[in-house]
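Read through the structure below, which is laid out as structure tokens, and then see the notes.
Number of protein chains: 2
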Amino acid sequence: MNISTEDYIKNIYSIDLAVGKVTTSILAEKLKVSSAAVSDMISKLSKSGYVKNIPYKGFELTKKGNSMALNIIRKHRLWEVFLLQYLNYPWEKVHSEAEKLEHSSSDELIEKLEQFLNFPKYDPHGDPIPDKNGKFRNLALIPLSDIKKGEIVQIKKVSDEDPGGLIYLTKHGIRLEDKIKIKERTEFDSSLEVESKHSKIFISEKLSKIIFVIKNT
Amino acid sequence: MNISTEDYIKNIYSIDLAVGKVTTSILAEKLKVSSAAVSDMISKLSKSGYVKNIPYKGFELTKKGNSMALNIIRKHRLWEVFLLQYLNYPWEKVHSEAEKLEHSSSDELIEKLEQFLNFPKYDPHGDPIPDKNGKFRNLALIPLSDIKKGEIVQIKKVSDEDPGGLIYLTKHGIRLEDKIKIKERTEFDSSLEVESKHSKIFISEKLSKIIFVIKNT
DNA sequence: AAAAAAGTTTAAGCAAGCTTAAATTAAAAA
DNA sequence: TTTTTAATTTAAGCTTGCTTAAACTTTTTT
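Those protein sequences? They're chains B and U, same order as listed.
Just so we're on the same page, this note's numbering is the position in the first sequence counted from 1, plus 12.
Just so we're on the same page, this note's numbering is the position in the second sequence counted from 1, plus 12.
Have a look at this one:
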């Protein structure tokens, strides 16, 4: 299993989770390669039993592919916890650093790391960490964009794809687990004004879509 | 800089240190590739300024190549310290695991790791860890094979290339920093019998050549 | 239902890092 | 010094993962 292949499998998993289906062009876009490259790789992954492919229609991970994906994600998220908690690595940089480490650590190493970290259940962005059998808890989260004016919610996850949002939130003193209240909702551009214990900040529609919350805690 | 290139540079450095000169065939042997592959890569590294090459004669790292090598070695050894001290990763496995991590960690990450580890000066096999400027202390070590019967010495380094020696020593309770006495020396096969505080063990010529010691401490 | 557009796959070709085989150079032996 | 041997480099070719361009499906529009 090489880095490139692992990246394909991991991204098929996450696209499937987010969008519900995976196509050549979506995956190509995500991986920043041509559709032809994806098409090519998919037929290889199909031959080696990681992906079930129906040409021209789409594809999905097999059971084997799925557990491969969860194992990579597990490595990624455990490294994130380590980087943030022990090395004080900045929140917004943790993701891209873990992106490299995830491909360079044996299962044995990761088990020891998990033990050292005391079996964390979530990564620094609020994503669940699969155990070595691929099992994980899944919270039912709501995007902040769906919350109405006046409601009080708790931030449980901020997507880590783009560091921009993380930098903005950090700068304004908003963190995971914070409780916030929607003070204002501007229908024109779907932006929000929210208030936490310490601060009051403006949240664009784009940002509100990658912040996930739960209601009554 | 990719993994393969980093491996070439790192190995040129270590062969130079051990043997005093680097040739195509020695490097090929170390990297388990053909001489032709080495020849090819050396001319690339020469073009990009990491290596000074005199065709048919040999080659060596430039200043730029040297500091690249030290940076990779630094990463390798800091990871080794982490793996052993914090994850309780077995002594003899630490090397091969670090071999992968060294290529997947940014300079920034490594600085934070170094800080977390409290700026260790030696790795778990006794090799010095370069600081971020490439500076390191160098002990004058003597191979155990050069020590005469009756002498008492302290183990300061055990080469980590082959895990076999490390496993043997660990099994017999010999560790870095142990003080040992040469009880017997068999001239026939240059083997030794040595005694530490806790144990008495047989050391073959081969093993005695990769154990390094200092005399009076 | 036919035409146009969009998406996917196949084909041809490139770069990197490797291989084996042939050619070249240097070193050792005669 | 010439010959033989050993080491190195060059050449030709393979594989992997990519590219662009062409061919082919599927979907959407009219």
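Beta carbons are placed, not taken as given, at the ideal position from N, Cα and C, and that holds for glycine.
Keep in mind that this is a model prediction, so the values were computed, not measured.
9 Å Cβ cut-off: residues of chain B touching residue i
i	result
U/Ile72	Note that residue 72 of chain U is Glu in the sequence shown, not Ile. Near U/Glu72 there are no residues of chain B at all, since even the closest Cβ is about 29 Å away, more than 9 Å.
Per DSSP, cross-strand counterpart(s) of residue i
i	result
B/Lys33	DSSP, once it has assigned bridges, lists no residue as partnering B/Lys33.
B/Asp63	A quick correction: the sequence has Val, not Asp, at residue 63 of chain B. In the DSSP output, where bridge partners are listed per residue, B/Val63 has B/Leu73.
U/Gln166	U/Lys191, U/Ile226
B/Glu196	B/Glu205
U/Ile215	U/Leu204
U/Pro155	U/Phe224
U/Arg140	Before going further, note that residue 140 of chain U is Pro rather than Arg in the sequence given. Note: U/Pro140 sits in a beta bridge opposite U/Tyr134.
Nonlocal neighbours in the same chain, by C-beta distance under 8 Å from residue i, ignoring five residues either side
i	result
U/Ile38	Ile27, Val31
U/Ser47	Thr36, Ser37, Ala40
B/Asp119	Asn83, Lys144
B/Glu163	Lys193, Ile194, Lys227
B/Glu287	Outside the shown range of chain B, which is 13 to 229, sits residue 287 of chain B, and nothing can be said about it.
U/Ser108	Pro175
B/Lys209	Asp190, Lys191
B/Ser188	Note that residue 188 of chain B corresponds to Leu in the displayed sequence, not to Ser. Pro136, His137, Gly138, Ile167, Lys168, Lys169, Val170.
B/Tyr180	Leu219
B/Glu173	His107, Ile222
U/Asn78	Tyr25, Gly146
Own chain, CB closer than 6 Å to residue i, minus 5 neighbours either side, in chain order
i	result
B/Lys161	Ile194, Arg197
B/Tyr20	Met53
U/Tyr101	Leu95
U/His88	Ala110, Glu114
U/Gln127	none
U/Ile24	Val34, Leu73
Per-residue contacts from residue i into chain B (C-beta, under 8 Å)
i	result
U/His115	Ser116
Proximal residues to residue i (C-beta, below 7 Å), its chain only, five neighbours per side dropped
i	result
B/Trp103	Leu96, Pro136, Leu178, Thr182
B/Ser216	Ser203
B/Ile222	Val170, Ser171, Gly177
B/Asn65	Ile54, Ser55, Ser58, Phe71
B/Val206	Ile192, Lys193, Ile194, Lys195, Ile213, Ile215
U/Met80	Ile21, Tyr62
B/Glu18	Ile84, His115
B/Pro142	Leu82, Ile85, Arg86, Phe148
B/His184	Ser211, Ile213
U/Val45	none
B/Val106	Glu92, Leu95, Leu96, Pro136
U/Tyr14	The residue asked about is misnamed: residue 14 of chain U is Asn in this sequence, not Tyr. So the list is empty, once near-sequence residues are dropped.
U/Ser117	Lys87
B/Asp201	Glu217
B/Val225	Leu153, Ile154, Leu156, Ile159, Val165, Gln166, Ile167, Lys168
Contacts that residue i makes with chain B (C-beta to C-beta distance below 7 Å)
i	result
U/Glu227	The sequence shown places Lys at residue 227 of chain U, not Glu. Result: empty, since nearest Cβ-Cβ is about 37 Å, beyond 7 Å.
Proximal chain U residues relative to residue i, where beta-carbon distance stays under 8 Å
i	result
B/Leu121	Leu95, Leu99, Tyr101, Glu109
Q: Kindly confirm or deny that the stretch 149-161 of chain B and the stretch 81-90 of chain B touch, where touching means at least three C-beta pairs closer than 8 Å.
A: no
Q.
For the stretch 126-136 of chain B against the stretch 93-108 of chain B, do three or more pairs of beta-carbon atoms, one drawn from each stretch, fall closer than 8 Å, so that the two count as touching?
A. yes
**Q.** Chain-ordered residues of the stretch 32-50 of chain U with a beta carbon less than 9 Å from chain B
**A.** none
Q: With 8 Å as the limit, tell me which residues of the stretch 91-117 of chain B have their beta carbon closer than that to any beta carbon of chain U; keep them in chain order.
A: Leu95, Tyr98, Leu99, Asn100, Tyr101, Lys105, Glu109, Lys112, Leu113, His115, Ser116, Ser117
Q: With 9 Å as the limit, tell me which residues of the stretch 124-135 of chain B have their beta carbon closer than that to any beta carbon of chain U; keep them in chain order.
A: Lys124, Leu125, Gln127, Phe128
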